[in-house]
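Numbering (the UniProt record's numbering), first residue to last: 1 to 339. The C-beta atom is built at its ideal place from N, Cα and C for all residues, glycine as well. Predicted model, so just to flag it, every value in this text is computed and none were measured. Some notes on the structure that comes next.
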C-alpha cells in the first residue's frame with residue numbers, strides 16, 4: 001500500500017461506515033520498502049476496533065472481513081504458485097470445474113482483455129486482431145474522452161486485473177486507486193505494479209493454458225495502487241474522489257442501486273463518473289428484484305443521486321474464453337458529473 005494513497009484518500013472503517021459512522025483508520029506498518037507498506041494492519045482505533053490486514057502490499061478493507069478471509073484465504077495462497085509446470089499439473093488433476101481452474105479462466109479472460117496488447121507474437125493465429133484484445137481499454141478511452149478533467153483522485157471500481165487503472169493514471173496527475181474483491185484478479189495488477197511484469201495464464205482449450213508475461217511500463221504507475229474493497233461499502237469519506245469509473249460492475253453486485261448511491265457519495269461536487277454495463281444480470285450475483293431493466297431506469301437512478309448524465313452510448317465488449325471462443329457484449333456507457 002502506497003503512503004501516497006493512504007495519506008491522500010484517508011480510508012475509513014468499512015464496518016463502521018455501514019453503521020453510519022466515518023471513522024478514520026490508523027496505519028500500523030510492520031514491513032515497508034520504497035514501494036510502500038508490504039505488511040501490517042489498518043486499525044479502527046476510535047471505532048469498532050477491527051484490524052484490517054495488509055497482505056503482500058494490498059490492504060483488505062471489506063466490512064465482513066471474516067467472511068472474505070474464509071472465502072479467499074486459499075486463493076491468496078494459490079497466487080504463490082510460481083512454476084508454470086506445477087500450475088498445469090494442478091489444473092489437470094483438479095479438473096475443469098474446480099475453483100483452481102475457474103480462477104485461471106477469469107485471469108485468462110481479463111488478463112487478455114487488459115494486457116493482451118503487451119504480448120509479443122501471434123495470439124490465436126490472428127495476430128493483433130485477436131478477439132477481446134483491448135475492448136476494456138477502448139471502453140475506458142471512450143469514457144475518459146467524455147469526462148472533462150476533474151481535480152482530485154480517481155477511483156476504478158471493480159478494476160479486475162488493473163489494466164484500466166494503469167490507463168487512468170496516464171490521464172491525470174493525481175493518485176488513482178483500483179478496487180476489487182477478487183484477489184486472484186487484483187493480484188495480476190499488484191504484481192505488475194510491484195515487479196514491473198504482467199503475468200497471467202492464457203487459456204487455449206480445456207485445462208490447457210499458456211503463461212503469458214510481458215514488461216509492465218505504464219506512464220503514471222507511481223500514482224497507482226490496488227486495494228481489496230467492496231463497491232457497495234467503499235472505505236472512503238464522502239466527497240473523496242474527483243473521478244470514479246466502474247466498467248461492467250453494475251450487473252455484478254447484489255444491490256446496483258446502492259452502488260449508484262455510493263458512487264455519488266464518494267464523488268466531489270462536479271466530479272465525473274463513468275459506468276458501463278451490458279445488463280447481463282444473473283441471479284447468483286444480483287437478486288432478480290434488484291435488476292435494473294434498461295438505460296432509462298439507470299438514468300433515473302443516477303438523477304435521483306444528483307448525477308447528471310450525458311447521452312448514453314453503446315460499445316462492443318469482447319471477452320475471450322479460449323482460443324476458439326469469444327463472448328461479445330454490447331455495453332451501455334453512462335457518463336456525467338455530480339451536481
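Going by Cα to Cα distance, which pick from the options is closest to residue i?
i           : options               : result
residue 255 : 75, 83, 298 and 41    : 298
residue 320 : 205, 3 and 39         : 205
residue 85  : 305, 33, 109 and 210  : 210
residue 208 : 323, 71, 139 and 19   : 323
residue 144 : 49, 161 and 165       : 165
residue 136 : 183, 318, 326 and 325 : 318
residue 230 : 49, 67 and 31         : 67
residue 154 : 118, 44 and 274       : 274
residue 102 : 32, 184 and 310       : 184
residue 160 : 105, 195 and 214      : 105
residue 288 : 213, 162, 180 and 253 : 253
residue 34  : 310, 2, 45 and 200    : 2
residue 47  : 65, 21 and 70         : 21
residue 304 : 262, 285, 286 and 283 : 262
residue 73  : 187, 284, 310 and 43  : 187
Assign residue i to one of three DSSP states: helix, strand, or coil.
i           : result
residue 118 : helix
residue 265 : helix
residue 157 : strand
residue 232 : coil
residue 297 : helix
residue 226 : strand
residue 87  : helix
residue 330 : strand
residue 308 : strand
residue 191 : helix
residue 210 : strand
residue 180 : strand
residue 323 : coil
residue 204 : strand
residue 3   : helix
residue 41  : strand
residue 74  : helix
residue 215 : strand
residue 337 : strand
residue 66  : helix
residue 274 : strand
residue 125 : Only weak support exists for where residue 125 lies, its pLDDT of 48 falling under 50; the value from the coordinates is given anyway. In the structure shown, residue 125 sits in coil (DSSP, three-state: anything other than H, G, I, E or B).
residue 111 : helix
residue 285 : coil
residue 199 : strand
For residue i, which residues from the same chain have a beta carbon less than 7 Å from its beta carbon, with the 5 sequence-adjacent residues on both sides left out?
i           : result
residue 236 : 9, 11, 12 and 266
residue 60  : 52, 53, 68 and 228
residue 157 : 179, 231, 244, 245, 246 and 249
residue 286 : 251, 253, 254 and 256
By the DSSP assignment, the beta strand (DSSP E) with residue i in it spans what residues?
i           : result
residue 30  : 26–33
residue 59  : 58–61
residue 241 : 241–247
residue 55  : 51–55
If you follow the alpha helix (DSSP H) that residue i is in, where does it begin and where does it stop?
i           : result
residue 136 : 135–146
residue 167 : 163–169
residue 17  : 14–18
Is the Cβ-Cβ distance between residue i and residue j less than 8 Å?
i           : j           : result
residue 96  : residue 62  : no
residue 202 : residue 221 : no
residue 37  : residue 29  : yes
residue 278 : residue 330 : yes
residue 18  : residue 233 : yes
residue 139 : residue 247 : yes
residue 142 : residue 25  : no
residue 58  : residue 167 : no
residue 115 : residue 41  : no
residue 200 : residue 113 : no
residue 152 : residue 241 : yes
Residues in the same chain with beta-carbon distance under 8 Å from residue i, minus the five sequence neighbours each way, listed in chain order, please.
i           : result
residue 295 : 312, 332 and 334
residue 90  : 81 and 100
residue 269 : 239, 338 and 339
residue 223 : 4, 169, 172, 173, 174, 175 and 176
residue 55  : 39 and 76
residue 94  : 100 and 101
Spatial neighbours of residue i within its chain, please: C-beta separation below 6 Å, excluding the five flanking residues on both sides.
i           : result
residue 280 : 251
residue 301 : 257 and 260
residue 272 : 147, 150, 243 and 337
residue 292 : 256 and 298
residue 134 : 117
residue 196 : 216
residue 108 : 201, 202 and 203
residue 31  : 38 and 39
For chain D, check one thing: does any of its Cβ atoms lie closer than 8 Å to the Cβ of residue i?
i           : result
residue 169 : Chain labels in this structure do not include chain D; a single protein chain is all it has.
Please find out if some non-hydrogen atom of the ligand COA comes closer than 7 Å to the beta-carbon of residue i.
i           : result
residue 114 : In terms of ligand content, the structure shown is empty, and the ligand COA therefore cannot be addressed.
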